[in-house]
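> Per the UniProt record's numbering, the very first residue in the sequence shown carries number 1; after that it's consecutive.
Here a beta-carbon is modelled for each residue, glycine too, at the ideal position from N, C-alpha and C.
Values in this document were obtained by computation on a predicted structure and should not be read as measured data.
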Amino acid sequence: MVSKTLGHLLLVSFPGQGHVNPLLRLGKMLASRRFLVTFSTSETTGKQMRKANNITDELTPFGDGFIRFEFFEDGWENDDPRREDLDQYLPQLELVGKQVIPQMIRKNAEQGRPVSCLINNPFIPWVTDVATSLGLPSAMLWVQSCACFAAYYHYHHGSVPFPDEEHPEIDVQLPCMPLLKYDEVPSFLYPTTPYPFLRRAILGQYKNLDKPFCILMETFEELEPELIQHMSQIFPIKAVGPLFRNPKVPKTTVQGDFRKADDCIEWLDTKPPSTVVYVSFGSVVELKQDQWNEIAHGLLNSGVSFLLVMKPPPQKDAGQYHLHVLPDGGELQRESGGTGRVIGMRRLAIYAVDMERA
1 MVSKTLGHLL LVSFPGQGHV NPLLRLGKML ASRRFLVTFS TSETTGKQMR
51 KANNITDELT PFGDGFIRFE FFEDGWENDD PRREDLDQYL PQLELVGKQV
101 IPQMIRKNAE QGRPVSCLIN NPFIPWVTDV ATSLGLPSAM LWVQSCACFA
151 AYYHYHHGSV PFPDEEHPEI DVQLPCMPLL KYDEVPSFLY PTTPYPFLRR
201 AILGQYKNLD KPFCILMETF EELEPELIQH MSQIFPIKAV GPLFRNPKVP
251 KTTVQGDFRK ADDCIEWLDT KPPSTVVYVS FGSVVELKQD QWNEIAHGLL
301 NSGVSFLLVM KPPPQKDAGQ YHLHVLPDGG ELQRESGGTG RVIGMRRLAI
351 YAVDMERA
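(1) Kindly indicate which residue of E218, L307, A147 and R200 has the alpha-carbon position closest to the one of H230.
(2) When you compare the CB positions of R33 and D57, do they come within less than 8 Å of one another, or not?
(3) Counting only runs that start and end within the region 93-153, where is the beta strand (DSSP E) found for 3 or more residues in a row?
(4) With DSSP run on the structure shown, which of helix, strand or coil describes V279?
(5) Would you tell me roughly how many angstroms separate the C-alpha atoms of F281 and I101, rounded to the nearest one?
(6) Going by the DSSP bridge assignment, what does residue 359 pair with across the sheet?
(7) Can you tell me which of the three DSSP states V235 falls into?
(8) Inspect the beta-carbon positions of N108 and M140 and report whether they are closer than 8 Å.
(9) Compute the distance between the beta-carbons of R341 and L300, then report whether it is under 8 Å.
(10) Going by DSSP in three states, R341 sits in which element: helix, strand or coil?
(11) Please tell me whether F123 and H19 are closer than 8 Å, where the distance is taken between their beta carbons.
(12) Along the chain, which unbroken stretches of the beta strand (DSSP E) at least 3 residues long are found entirely within the region 172-244?
(13) With respect to the alpha helix (DSSP H) encompassing G27, which residues constitute its N-terminal and C-terminal limits?
(14) Between Y182 and E169, is the Cβ-Cβ spacing less than 8 Å?
(15) Does DSSP put G158 in a helix, a strand or coil?
(16) My guess is that I105 and V115 are in contact by the Cβ rule of under 8 Å, so how many angstroms apart are they, rounded?
(17) Leaving aside the five residues before and after G46 along the sequence, list all residues of the same chain whose C-beta is less than 6 Å from its C-beta, in chain order.
(18) First and last residue of the alpha helix (DSSP H) that includes S302?
(19) Throw me the rounded Cβ distance for the G204 and P91 pair, which I believe falls under 8 Å.
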C-alpha cells in the first residue's frame, strides 16, 4: 500500500489563485521526493480547478511519489457576495475548516493513508491549530520574501516604529536591512492602504507562529543571507525557493489554474527569446482608466513586443471601465500591429512557462 511506504502530507490552501499556485508547486516538489501529497482547498475553487486542469481525486504518480486532490465545502453558495469580503469569509472558512479538516484526516487514516504532517499558507492560520489538536506537526509556506516576513513581524510586535496616521512619513529601520523610506514598507502596512482587510488577514498568521515546527519560505539563501540568518534566530525558517521552474521537479500537466489558458503560448513561440516585455500589476491593485491609458501609450510608444495582463474591473464598475480601449477609441492589441497581446488575469504569469521568453 502506498501509505505504508510514503509519508502523507496534507496541504491546505486559502482558496485564492495566488495562494493555490505556490502551495501546489511545493506539493509537487515534495511528491517528487517520495511523499504522498493531498492538496485541499474549498470545493468552489476545486470545481474551477477541475474544469481548467487535468486533476483528479485519485492518486496520480509524480516523480517518486504521488499527488491527489480533496476539496471541502465551505458552507456558502458559489455566488454568495460575502465571499468578496475577507472580514466575513475568513471566519466562515475557519469555522467550517476546523470541522472538516479533522474529518478529512480521520477518513484518510481509515482508508490506509494516515496524515503525518499539515502544511498551510497565510490567511488560514487555524490549520496549525487543527494540527496541534490532533498531535500532528505542521508547517507554513510563506510566499513572499524574508524581508516582507520580517517587516510584518516587527509591525505585529510593535518592536519598530512604522508610519501611522500621526506620523505617515517616518522611515523604518529593520534589523539586517537598509533604511526603508516610508513608502518602501509593504503597502498593506501603510496607514492609508485601501486594503486594511488584507493587512488583518496577513497579520492573523503571526498570532500562532510558535506552533509550526518550520516556516517554509519562497526565497533562497543567496538572495537574503543575513536576513534569513537573523529571522532564523526567532523562527525555524527553511528557504525552499524558488519553487517556480524548479529543475528538480518533473514537468507535468497537473496545474492549479482556475481558468483555462488563453492562447498566448503559440503567440509567444513566434517571438525571439528575451524580446517580450511582461506587464502585470497583480490581482489586488485596481488602476483607474487614465492610468491604463498611460500604460497603453507607453507600451505602444516603446515599440517592443509586450504581454499585458489586465485584471477585470470590479463587478460594480464593469460598465465604467474599458480596459482594452484607448482614449481615441483604438483597441490596444490591434493598435500594436501584432507586437502586443492583452489577456485577462487567468494564469500565473505565467505564460513565462519558458522564462527566456519574458
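The relevant details are as follows:
(1) A147
(2) no
(3) 117-120 and 138-142
(4) strand
(5) 34 Å
(6) Outside the displayed span of the chain (1 to 358) sits residue 359, for which this structure offers no information.
(7) Checking the displayed sequence, the identity of residue 235 turns out to be Phe instead of Val. Coil.
(8) no
(9) no
(10) strand
(11) yes
(12) 214-217 and 237-239
(13) Q17 to S32
(14) yes
(15) coil
(16) 5 Å
(17) F71
(18) Q289 to S302
(19) That belief does not hold up - the Cβ atoms of G204 and P91 are roughly 10 Å apart, past 8 Å.
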